Structures are given as structure tokens and as C-alpha cells.
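First up is the structure itself, then whatever we jot down about it.
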Amino acid sequence: MKISNAFFPTLKEIPTEAQIKSHKLMLRAGLIRMLSSGIYSFLPIGYRVLKKVCQIVREEMDTIGGQEFHLPALNPIEIWEETNRVEAFGDTMFHVKNRNYILAPTHEEIICNIAKNNLKSYKELPQIWYQIQTKFRNEPRPRSGVLRGREFTMKDSYSLDCILEGLNKSYDLHSEAYKKIFSRCGLKFFIVGASSGAMGGNNSQEFLVESKEGGEDFAVVCENCNYASNIEIATSNPQKIEREKISKTIEEIFTPNIKTINQLSEFLKTDKSHLAKSVVYKVDEKPVLILMMGNDKLNEEKLKKYLHGEIEKIEDEKLVEIFGADGGSLGPVNLKNVKIIADKRLENLNQLVCGANKNDFHIVNIDLIRDTSIEFYADIRTVEENEPCVNCSSPLKIITAIELGHIFKLGTKYATSMNATVLNEEGKQVPIIMGSYGIGIERIIACFIEQHSDEDGIIWEKKLSPFDVHLISVNTDNQNIMNTAENIYNELKENQVDVIYDNRLNITAGVKFKDADLLGVPIQLIVSERNVKNGNIEIKFRNSGERSILKIEDIKTFILDFIHK
RNA sequence: CGGGGCGUAGCUCAGCCCGGCUAGAGCGCUUGUUUUGGGAGCAAGAAGUCGGAGGUUCGAAUCCUCUCGCCCCGACCA
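Just so it is clear: in the first sequence, position 135 is 135 by the working numbering, and no numbers are missing.
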């Protein structure tokens with residue numbers, strides 16, 4: 001490709017809309033342009049990278065026996081009502097205004113529909129079906145360029161089995177394929193156990209890339225024993241508190257202007273492990289009081305597992321109405337008509353301090369068994385940095401990360417509601433057992449750039465690079481230089497080398513070098529007077545900045561060796 | 001959906017508080033010319049309904065109301 005007649009719009013300045021490195025560079029290097037919030041066009045250079053990523057994904061999916069589909073993005077809403085997911089997705093799903101269609105946010109229902117209509121027998125299983133296509137989700141807040149878009153490319157695959165061992169095998173195949181995909185893409189990633197959220201099912205793992213700037217997920221990891229888990233489900237071994245031998249009589253005490261656990265601990269000279277914080281949620285419009293030890297943070301994801309229905313933080317104004325006190329003074333003693341749940345860490349403890357449901361008063365010497373009617377205890381706290389690991393007691397780390405891929409064992413949830421069954425060996429109708437496995441294609445690109453760039457631009461590795469070689473002619477008014485560069489260009493093209501050739505006239509060398517570094521193709525070939533007169537060409541490696549001189553006649557061999565190495 | 005910020009030339013921004021000349025700068029773009037190894041010099045030029053609508057005023061980029069868009073934090077989110 002010759003830049004003189006190509007669309008390669010680079011930017012010297014950083015558009016204000018971009019905050020994180022990958023977004024800035026994708027805009028500056030002419031890979032993408034925004035159409036609207038969370039909606040991006042891939043320009044020719046960016047699309048080349050996207051296609052390379054897709055090809056790697058495709059090859060690895062095909063290797064594990066995957067078969068590629070092309071599925072409709074426009075779906076009749078009825079099929080989504082069968083699984084009750086119109087409601088589950090809520091505002092996240094795009095609805096077509098003048099027809100009863102939706103824009104598909106994912107494709108379990110469509111896959112399940114095809115399976116139901118066409119698969120009859122266990123003999124036809126297992127199947128792995130995948131697609132690499134655009135998905136639509138009305139993200140309430142798109143951000144970080146292509147990292148969280150309303151329209152984005154996703155590889156999703158679905159495994160179909162009718163026995164559990166089959167599902168396990170399909171799941172493991174995907175796990176291995178994903179490791180290969182992300183390694184081939186040159187990413188440093190790690191794997192954690194995760195919550196399956198609105199997808200349904202139980203077992204699930206996420207493939208994450210550490211990123212302080214663009215990360216939206218938090219992973220809890222142990223560097224000693226390799227325990228790794230999304231914070232949504234992570235557990236730890238916090239210090240255990242024992243019940244004291246004697247439960248003293250409860251007593252209301254005056255605690256003027258004490259609102260927080262820190263203030264209370266200071267005021268009473270009491271360790272936080274003897275203070276219990278009360279937080280209130282609304283579950284199906286009814287208040288639920290949740291007791292946490294000290295400053296422990298409630299984990300909503302964990303809480304959701306124990307409470308059915310929508311959970312939501314309660315408005316401050318409602319608190320006075322229900323409890324007769326404000327936020328900092330609530331407690332579980334003498335509460336009627338409010339369900340109480342407590343974190344496992346507090347189980348059956350005594351000698352505790354809680355709010356008195358009366359502003360500026362707390363109650364001391366509470367015995368949770370004697371003085372409260374707690375419905376149940378459960379692990380609902382959020383793990384904190386440096387707490388001991390559940391397996392090996394080493395201090396845990398918390399890492400901010402971007403989610404690249406997620407694999408789930410879905411089970412029979414969709415097959416059951418859509419009545420997708422096959423006959424098993426005994427001639428019995430059994431529901432198809434599904435697995436679901438996603439990869440965010442644009443996220444691979446953005447994560448790669450997050451990990452591979454410097455102040456001058458992107459540093460592609462050859463597998464994802466939009467071109468193999470960036471050819472630059474420096475002295476454009478010298479016909480000999482232009483001819484030499486043109487010959488190199490043609491020779492490389494004839495040998496299937498992808499070359500981008502900066503043949504622009506009347507542009508200073510500096511501009512060409514800056515653009516080349518910004519785009520970040522691994523090898524730059526620089527054709528200039530000073531070297532051509534000796535029959536030489538300069539070569540610069542983008543990653544190391546290293547330069548060397550080659551004989552013109554050796555270039556082809558050198559480049560081909562480099563590409564195929 | 002709550003909180004905050006921003007919207008002026010293709011890009012980055014000044015001007016707005018405190019209304020008043022023909023709305024500015026740098027970069028980019030066009031033409032000419034000189035340059036040609038790290039985003040060039042000189043000369044000339046094109047480019048804007050100041051996001052949109054309404055209002056106040058003799059007069060609005062500037063003040064008021066509404067509205068649309070973008071970014072950030074939170075909520076939410078496979």
C-alpha cells in the first residue's frame with residue numbers, strides 16, 4: 001500500500017475524548033474514529049489488525065473442532081421471551097422501534113433454536129459452534145474507546161453436549177484454545193474463577209489482562225499458591241473472632257455525632273472487630289438490614305446469590321421512616337418487620353456494639369444469639385488487599401484488570417426453557433447441556449496496545465501488525481532513491497510481503513519517521529541518499545530502536561526470514 | 001439514572017466571569033518558493049450558522065431557560 005493514495009489519517013495531537021493510552025494511540029495512528037459514544041468505525045489500517053486477530057481466533061477455534069456460523073443480529077423478540085431474557089437484559093438490550101425485533105446482545109437463544117430444530121440424537125454430539133460477529137448492548141456508560149462499546153465484535157462459541165463429561169471436555173478445550181489465542185496475540189494475561197452473573201450457570205473463568213488505566217474488574221490473586229478469583233466471588237481467611245465467655249447485659253450509650261466505624265472505635269477505645277456496621281438494602285421493595293463486621297465491605301455480587309429478586313441500596317430519606325434514625329445509627333436490636341442478614345464473620349458473636357436506631361446512641365454488649373433475630377449468616381464480605389489466602393495464608397493482592405474472555409458452563413438452563421432435547425443412549429429425551437465462551441475482539445487490540453507501546457506510538461508484534469514492513473523514501477526529489485524504493489516495494493509485494501510504502505513527496509523525513517513510529521510496524525526500511533549511494537538500505541526495528549545497514553540485494557531474503565521466523 | 005467537566009475552523013485551545021469594533025492563536029489544509037535524517041523556513045490564501053432552540057437587551061460566543069452531544073466519577077454491566 002502506498003501512502004500517497006491511501007487513507008491513513010494520523011493525528012499529531014491527542015483528541016480530548018481519549019483518556020487511556022490505547023484509545024489515544026488508536027485514534028492517532030488512524031485505526032479508528034468515533035461515530036457516537038461507544039460506536040466506532042474501523043478505518044482500513046485498524047481493520048487490518050482486526051482481521052488478523054479474527055484469523056488467530058478462527059484458527060484456534062477450528063483446531064478444537066469448532067464450526068463457524070454467521071448468525072442474524074436482528075432477532076424476533078419472541079425467542080428471547082422464551083428464556084425470559086428480555087426482562088433479564090432490560091435496558092441493556094436494543095429494541096427495534098417499528099418491528100418486534102431486538103438487536104442481539106449475544107446468541108444463546110439462536111444457537112439453542114438451531115440445535116433444537118436440527119439435533120436429534122446423542123450421536124450427533126458433541127458440537128462446538130462459534131461466530132465472530134457484532135453484538136449490540138446499550139451500555140449505560142461506554143468508555144475507554146473500544147474497550148466498552150455499544151456495538152462491538154465478539155467471538156462467541158457454544159458447546160452442545162448431553163452428558164456432563166462432554167461439557168467438561170468442551171470447557172477444557174476452550175480453556176486451552178483461549179490460552180493459545182491470547183499467547184499468540186502477544187498478551188500477558190491471567191485466569192481467574194468468576195461469577196457467571198446474568199448468564200446463568202455456575203462454573204466460569206475469566207481471562208484477564210492487568211491494566212490500571214482501563215481495568216474495570218478486580219481480581220484477587222495469591223502469588224504463592226496461584227489462587228486467583230474475581231473479587232465478586234473471592235474469599236479469604238480474615239482474622240477469626242471468638243465468642244466471649246460471658247455476655248453482659250445490653251446497654252444504650254450516648255455517642256454524640258458518631259457516624260462511622262472509625263469514629264466509634266476511637267470513641268469507645270474498642271477494636272473494630274467488636275463493632276458491627278448496619279447497611280440497608282431494598283429487596284423487592286422491602287428493606288433488609290445487613291450486618292458487617294467493622295469496616296468490612298459488603299459484596300453485592302455475593303449478596304445477590306442469597307437474596308432473590310432485585311437488590312438496590314435504600315435511599316437515605318427512607319431510613320428515618322423505617323428505623324427512626326439516620327445512616328450512622330442503625331442496628332439489629334429490637335427491629336420488627338425488617339429481615340436481618342449477617343456476614344459469616346459475625347456468626348454467633350457477642351459483646352458487640354451496634355447502632356441503637358436512635359441518632360447519637362449505640363448499644364453495647366449485644367449478643368447476636370440472645371438479642372437479635374438474624375435470619376442467616378453468609379459470606380457476603382469483599383476481600384481486602386493483604387488478607388491471608390484461603391489456601392496458603394499468604395497475603396493476597398488485588399489487581400485491576402480488563403476482561404478479555406469469559407468461559408461458562410451454562411448447563412441446561414436454555415435448553416430447558418426452549419425445550420431443546422436429544423435422545424440419549426437409553427432412548428430417553430434429555431436436554432442439551434450447553435457451554436458458552438466469549439472473547440472481546442476489540443479488547444484484544446486495545447489490551448495489546450496497552451501492553452506494547454512507548455511515547456512515540458504503538459509497537460506491533462508481527463502477528464498483529466497491520467503490515468510486515470514500513471518502507472520509507474527519504475529524499476523524494478532524487479529519482480534514484482524513488483526508483484530504488486519502488487523496486488524494493490515491488491519485489492516485496494511479489495513475495496507476498498505486506499508493505500506500507502511512504503512515498504509521499506515534499507514531506508520531510510521527520511514526518512515520515514514520526515508516522516512510522518506512531519503506526520509501529522515492526523520493521524522500517526529507510527531508503528536514503530547516504531546509504532543508497534553505497535548500495536545499502538537502512539533497517540530499523542521498532543521494538544528496540546536498533547538500526548543496521550543491509551545490502552539492497554539482501555533485503556528480500558532478510559525480510560522473508562524475519563517474517564517466517 | 002445521580003454528581004462533575006466540556007462544546008468556538010479538520011485538530012488542540014484562547015476569548016465568556018465583567019455583553020459592545022471585522023471572533024482569535026498554534027497545528028493541519030491550499031498555492032508559490034526555498035528546504036529534505038526526527039512532526040521545516042518564507043510569502044499569500046481558504047476555512048466558523050461560536051452544538052441547537054427560545055428568551056433578556058439598542059446589541060449575545062459572553063447573561064437566563066430548555067435541549068442535544070462528548071468526556072470523567074459513581075450506579076449499572078456476561
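Note that CB positions come from ideal geometry on N, CA and C, so glycine has one too. None of the values given here were measured: they were computed from a predicted structure.
{"Item": "Nearest to Tyr-122 (by Cα), restricted to the options Cys-54, Ile-552, Arg-542 and Lys-428", "Value": "Lys-428"}
{"Item": "Local conformation of Asn-230 per DSSP, three classes", "Value": "strand"}
{"Item": "Leu-464 versus His-23, Arg-184 and Ser-144, residue with shortest Cα-Cα distance", "Value": "Arg-184"}
{"Item": "Pair within 7 Å by beta-carbon distance, Leu-349 and Leu-335", "Value": "no"}
{"Item": "Same chain, Cβ closer than 6 Å to Thr-484, five either side skipped, listed in chain order", "Value": "Val-527 and Val-532"}
{"Item": "Three-pair Cβ contact test at 8 Å for the region 440-447 versus the region 148-158", "Value": "yes"}
{"Item": "Every unbroken beta strand (DSSP E) inside the region 44-81 [3 residues or more]", "Value": "66-68 and 74-76"}
{"Item": "Cutoff 6 Å; reference Met-1; Cβ partners in own chain excluding five residues on either side", "Value": "Ile-500"}
{"Item": "Check whether Glu-232 and Glu-301 have beta carbons under 7 Å apart", "Value": "yes"}
{"Item": "Own chain, CB closer than 7 Å to Met-34, minus 5 neighbours either side, in chain order", "Value": "Glu-17 and Tyr-40"}
{"Item": "Backbone secondary structure at Ile-32 - three-state DSSP", "Value": "strand"}
{"Item": "Other residues of its chain near Thr-255: CB distance less than 7 Å, five sequence neighbours each side excluded", "Value": "Leu-264, Phe-267, Asp-360, Phe-361 and His-362"}
{"Item": "Same chain, Cβ closer than 6 Å to Tyr-171, five either side skipped, listed in chain order", "Value": "Lys-409 and Gly-435"}
{"Item": "Proximity below 7 Å, CB of Ile-444 to CB of His-452", "Value": "no"}
{"Item": "Where the beta strand (DSSP E) containing Arg-547 begins and where it ends", "Value": "547-551"}
{"Item": "Short Cβ contact (7 Å threshold) for Lys-212 with Thr-382", "Value": "no"}
{"Item": "Counted within 10 angstroms of its Cβ, other Cβ atoms place Glu-455 as buried (16 or more) or exposed", "Value": "exposed"}
{"Item": "Coarse secondary structure for Met-1, derived from DSSP in three states", "Value": "coil"}
{"Item": "Length of the line joining the Cα atoms of Lys-556 and Leu-492", "Value": "6 Å"}
{"Item": "C-beta atoms of Leu-25 and Ile-449 nearer than 7 Å", "Value": "yes"}
{"Item": "Assigned exposure category for Leu-74 - 16 Cβ within 10 Å defines buried", "Value": "exposed"}
{"Item": "For Ser-4 and Asp-477, the rounded distance between their alpha carbons", "Value": "15 Å"}
{"Item": "Residues of its chain near Val-320, where Cβ-Cβ distance is below 8 Å and the 5 sequence neighbours each way are ignored", "Value": "Asp-326"}
{"Item": "Cβ pair Glu-529, Asn-490 closer than 7 Å", "Value": "no"}
{"Item": "Three-state secondary structure assigned by DSSP to Cys-225", "Value": "coil"}
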